[in-house]
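One point on numbering: in the working numbering, the residue at position 219 of the sequence shown is 219, and numbering is uninterrupted.
Glycine included, C-beta positions come from ideal geometry on N, C-alpha and C.
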Amino acid sequence: MMGRNDSALLRFSVHELESLRLNDDILSFNDGIDSHMSWLGKVVGGAFGFLLGGPLGAILGASVGHQFDAGMEGLDLDEDLSPGAQHRVQMAFFTATFSVMGHLAKVDGRVSEAEISLARRVMDEMRLSGDMREAAINLFQQGKKADFPLQAALTQFRKECHRRTNLIRMFMEIQVQAAYADGVLNRSEEMVLQNICAHLGISRFEYESIKLQFQAQQRFYRQSQQYPGRASRNRLHDAYAVLGIDSSASDGEVKKAYRRLMGQHHPDKLVAKGLPEEMMTLAKEKTQQVRKAYETIRESRGL
């Protein structure tokens, strides 16, 4: 068991911690996502990372170790906690997401302001506050450590996901976004991303596809902000790239690609498979990007 003084050693430096914290009173909970009412929120609030076990359970336990004396109110220990069970998947996804983000941020020797800003934005979009936000910050810090067990954590994460390929892809998309936080993907980050893919069973083709789609999404978003209501040639080109297809694709192929991506990122489907409810906003953002790209293509074709 860890005391408060011990757990403080796991946290960010004062500068990084203050950079990640926002006043809780400005966070909105009006989207129907209450992080403290979710099962994952109860686990983190009660510090029951040991229910997950393995390296991910150890990482989560270390990140919220000072709360091990917290009560178990509202936590149903009769729930199925075998590998592949939804609650275990939620714990594994939350733990792996922030700790691996921290590992990626530190791999080039320093954590940039852009990388801290991205971590903060992900926490904001998840409406994290209190224990949940502190746990996410500490998980990020755990990932920064030189002895972070990346391979063991990824091996367990893949096992916990239990063939939920859409969850694994969502996780990888978040890590690619984290790697590009400062606008540049350096060699060290590229090697870590490839290593992550190897341990999660993601092919080189799918990995390159994820990167290309992310880059296209970024360009498409910027152009949409700069030239609202007007689809330039570059914007249309990026819209096709967001859907992962070429401009020569038939109308049927365009619709098929759109439906496939909407199915992959559908928030309700992902939550049903084990995506933490707090991350539903991230999934919604993905579907909005796909929908806007499809609408741009549809308008250009008169569909």
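Endpoints, the alpha helix (DSSP H) within which residue i is located
| i | result |
| --- | --- |
| G201 | Counting along the chain, G201 falls outside any alpha helix (DSSP H), and DSSP gives it neither H nor E. |
| Y258 | 251 to 265 |
| Y294 | 280 to 301 |
Beta-carbon spacing of residue i, residue j below 7 Å
| i | j | result |
| --- | --- | --- |
| V100 | Q175 | yes |
| I59 | Q142 | yes |
| A136 | M123 | yes |
| L276 | Q90 | According to the sequence provided, residue 276 is Pro. The question's Leu does not apply to it. Cβ distance < 7 Å, so P276 and Q90 count as in contact. |
| F157 | A198 | no |
| E189 | V107 | yes |
| A216 | D182 | no |
Alpha-carbon spacing of residue i relative to residue j, whole angstroms
| i | j | result |
| --- | --- | --- |
| N186 | L193 | 11 Å |
| L56 | F171 | 15 Å |
| E299 | K273 | 34 Å |
| K269 | G263 | 8 Å |
| R301 | S247 | 11 Å |
| I168 | L200 | 7 Å |
| A252 | I202 | The identity of residue 252 in the sequence shown is Gly, whereas the question assumes Ala. So the two alpha carbons sit approximately 27 Å from each other. |
| R110 | L52 | 30 Å |
| K255 | D147 | 46 Å |
| M279 | R233 | 33 Å |
| P149 | K159 | 16 Å |
Exposure label - residue i; buried when at least 16 CB within 10 Å
| i | result |
| --- | --- |
| F205 | exposed |
| G61 | buried |
| Y294 | buried |
| E115 | buried |
| G3 | Annotation note: pLDDT 43 at G3 (below 50); position unreliable, coordinate value reported separately. So G3 counts as exposed. |
| N195 | exposed |
| S250 | exposed |
| D69 | Annotation note: pLDDT 37 at D69 (below 50); position unreliable, no value reported. |
Any non-hydrogen atom of the ligand GTP closer than 6 Å to residue i Cβ
| i | result |
| --- | --- |
| Y207 | Among the components modelled here there is no ligand, and therefore nothing to report on the ligand GTP. |
Cβ distance (whole Å) where residue i is taken to contact residue j below 8 Å
| i | j | result |
| --- | --- | --- |
| P267 | K284 | 5 Å |
| F214 | Y180 | 7 Å |
| M126 | T281 | 6 Å |
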